[in-house]
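Asks: The following block contains the structure, expressed as structure tokens.
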Amino acid sequence: MARIYRDSDASLEPLRNKTIAVIGYGIQGRAQALNLRDSGLNVILGLRRGGKSWNQAMEEGFRVYEVGEAVAKSDVVMVLIPDMEQPKVWKEQIEHNIRPGTVVVFAHGFNIHYGLIKPPPNVDVVMVAPKGPGRAVREEYVAGRGVPALVAVYQNYSGRALEYALAIAKGIGATRAGVIETTFAEETETDLIGEQTVLVGGLMELIKKGFEVLVELGYQPEVAYFEVLNEAKLIMDLIWQRGIYGMLNGVSDTAKYGGLTVGPKIIDESVKQRMKEAAARVRSGEFAKEWVAEYNRGAPTLKKLMEGIRDHQIERVGTEMRKLLFGERI
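The numbers in the sequence shown follow this note's numbering, run straight up by one, and end at 1319.
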């Protein structure tokens, strides 16, 4: 059974009188920096001078330094820049500025788990991974709630690493909702496997294939779009709110029967087997090696695949349908 920490299980005291450097002021960096500051903690930022975030951060009242200087001034370093930029920034600006006893915090385990970043042995290394986008992390905090998170300890130099991780989680509001203890390996692998087989890859391909089948059978693309993409959000909202069984009780008996009898014939055991094959590539490190090599080449394959999605008929139709649905709000 998972260990879940609540607000009463965590304290901000381990972070009192410490300086926290948030490296990066993007989607997660800004949200977490603001939440930590609003929790009464001492937060500075490490950014690239002249970058688009530098002036914004200063205007929002933060003390801003170049990354290396921020690291040298800090007791806690939160690495919240994009995953693929982290190894270079670590090597060039963080590694030689980090002090013994520093607490290093990641929001995703990728670079530690696959050995792309190798911290020195005299620091704590922890993870606090909100299970929601930065916008939700900030909005939920301001509303007096929080986004759930995962916490993990990779390296416990001080003997208090978990306390520090929970303090960060409390500072960003995550313990209000609940924080699950995990490992860097589990968080990284489940995140990648879930993205590839379900959340991004699986859902996207299921929607595309459903659209293509309807259009190839002669149905209007606009009607197909509403059926397989627009309504998918409504079904997912029901699942999110009520669970799968609750969703089934929220649709017609015809939809129930058709879905329960036909669905397993479409998404069958062969799909599950291919998911396991994809999972094996993640767990072995093969996917990480492939992605790092692709990124270092300038991501030509990714760019080509993105162009293919952009030019797909479902996107052309969707652009017009979203105008109909949302007007000027898109």
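Yeah, the Cβ is synthetic: ideal placement off N, Cα and C, and Gly gets one too.
Thinking just about the alpha-carbon of each residue, which of PRO1003, HIS1097, ILE1070 and GLU1002 is nearest to the one in GLY1035?
Replies: For the purposes of this step, residue 1035 is taken as the residue at position 46 of the sequence shown. Of the candidates PRO1003, HIS1097, ILE1070 and GLU1002, the one whose C-alpha sits nearest the C-alpha of GLY1035 is ILE1070.
Asks: Among GLY1160, ASP1226, ILE1256 and LEU1237, which residue has its Cα nearest to the Cα of GLY1199?
Replies: If you number the sequence shown from 1, residue 1199 lands on position 210. For GLY1199, the nearest C-alpha among the options comes from ILE1256.
Asks: By the three-class DSSP mapping on this structure, what secondary structure does ILE1319 have?
Replies: As a working note, residue 1319 is residue 330 in the sequence shown. Confidence in ILE1319 is poor, its pLDDT being 49 and thus under 50, which makes the residue's placement unreliable; the coordinate value appears in the next sentence. Reduced to three states, the DSSP call for ILE1319 is coil.
Asks: Within 10 Å of its beta-carbon, does ASP1113 have 16 or more other beta-carbons around it, so buried, or fewer, so exposed?
Replies: Position 124 of the sequence shown, counting from 1, holds the residue named residue 1113. So ASP1113 ends up on the buried side.
Asks: Using CA coordinates, which residue listed in LEU1313, ILE993, ARG1127 and HIS1085 is at the minimum distance from ASP1027?
Replies: Here residue 1027 refers to the residue found at position 38 of the sequence shown. The residue with the shortest Cα to Cα distance from ASP1027 is ARG1127.
Asks: Using the C-alpha atoms, what's the distance from ASN1031 back to GLU1002?
Replies: Mapped onto the sequence shown, residue 1002 falls at position 13. Mapped onto the sequence shown, residue 1031 falls at position 42. When rounded, the distance between both Cα atoms is 12 Å.
Asks: Going by DSSP, what residue range makes up the beta strand (DSSP E) through ASP1072?
Replies: Residue numbering aside, residue 1072 sits at position 83 when the sequence shown is read from its first letter. Looking at the DSSP string, ASP1072 is not in any beta strand (DSSP E), and its letter there is neither H nor E.
Asks: At what residue ranges does the segment 1045-1094 contain a whole run of the beta strand (DSSP E), taking only runs of 3 or more?
Replies: If we require 3 residues or more, the beta strand (DSSP E) runs fully inside the segment 1045-1094 come out as 1052-1055 and 1065-1068.
Asks: Would you decide whether TRP1079 is buried or exposed? Buried here means 16 or more other CB atoms lie within 10 Å of its CB.
Replies: In the sequence shown, residue 1079 corresponds to position 90, counting from 1. Classification for TRP1079: buried.
Asks: Fully enclosed by the segment 1109-1151, which beta strand (DSSP E) runs are 3 residues long or longer?
Replies: The segment 1109-1151 contains these whole beta strand (DSSP E) runs: 1113-1119 and 1138-1144.
Asks: Please say whether LYS1120 and PRO1137 have beta carbons closer to each other than 7 Å?
Replies: Locating residue 1137 in the sequence shown gives position 148, counting from the first residue. Locating residue 1120 in the sequence shown gives position 131, counting from the first residue. Yes, the Cβ-Cβ distance between PRO1137 and LYS1120 is below 7 Å.
Asks: If we call anything under 7 Å between Cβ atoms a contact, is ALA991 one with THR1164?
Replies: Locating residue 991 in the sequence shown gives position 2, where the first residue counts as 1. Locating residue 1164 in the sequence shown gives position 175, where the first residue counts as 1. Their beta carbons are not under 7 Å apart, which means ALA991 does not touch THR1164 by this criterion.
Asks: Once DSSP output is grouped into helix, strand and coil, what is the label at THR1008?
Replies: Counting from one through the sequence shown, the residue named residue 1008 turns up at place 19. In this structure, THR1008 counts as strand in the three-state DSSP scheme.
Asks: Under the rule that 16 or more other beta-carbon atoms within 10 Å means buried, what is HIS988, buried or exposed?
Replies: There is simply no residue 988 to check, as the chain begins at 990 and stops at 1319 in what is shown.
Asks: Does DSSP classify GLY1035 as helix, strand or coil?
Replies: Against the sequence shown, residue 1035 aligns to sequence position 46. GLY1035: strand per DSSP, three-state reduction.
Asks: Taking Cβ to Cβ, would you say PHE1099 is nearer than 7 Å to ASP1072?
Replies: Position 110 of the sequence shown, counted from the first residue, corresponds to residue 1099. Position 83 of the sequence shown, counted from the first residue, corresponds to residue 1072. Yes, these two residues count as a Cβ contact at 7 Å.
Asks: What did DSSP end up calling ARG1169 once you bin it into helix, strand or coil?
Replies: Taking the sequence shown and counting its residues from 1, the one referred to as residue 1169 is at position 180. For the sequence presented, residue 1169 should be read as Ile rather than Arg. Residue state, collapsed to three classes: strand.
Asks: Distance, Cα to Cα, ALA1213 vs LYS1254?
Replies: Position 224 of the sequence shown holds residue 1213. Position 265 of the sequence shown holds residue 1254. Cα to Cα, ALA1213 sits roughly 21 Å from LYS1254.
Asks: Determine whether the beta carbon atoms of GLU1290 and GLU1279 lie at a separation below 7 Å.
Replies: Here residue 1290 refers to the residue found at position 301 when the sequence shown is read from its first residue. Here residue 1279 refers to the residue found at position 290 when the sequence shown is read from its first residue. The question names Glu, but residue 1290 in the sequence shown is Thr. Going by C-beta atoms, THR1290 is not nearer than 7 Å to GLU1279.
Asks: Per DSSP, ILE993 is paired with what?
Replies: To locate residue 993, count along the sequence shown from 1; it is residue 4. ILE1169, per the DSSP bridge assignment.
Asks: Report all residues from its chain with a CB closer than 6 Å to the CB of VAL1217; omit the five preceding and five following residues, and keep chain order.
Replies: Residue mapping note: residue 1217 aligns to position 228 of the sequence shown, counting from 1. Same-chain partners within the cutoff: ILE1196, GLY1199 and PHE1200.
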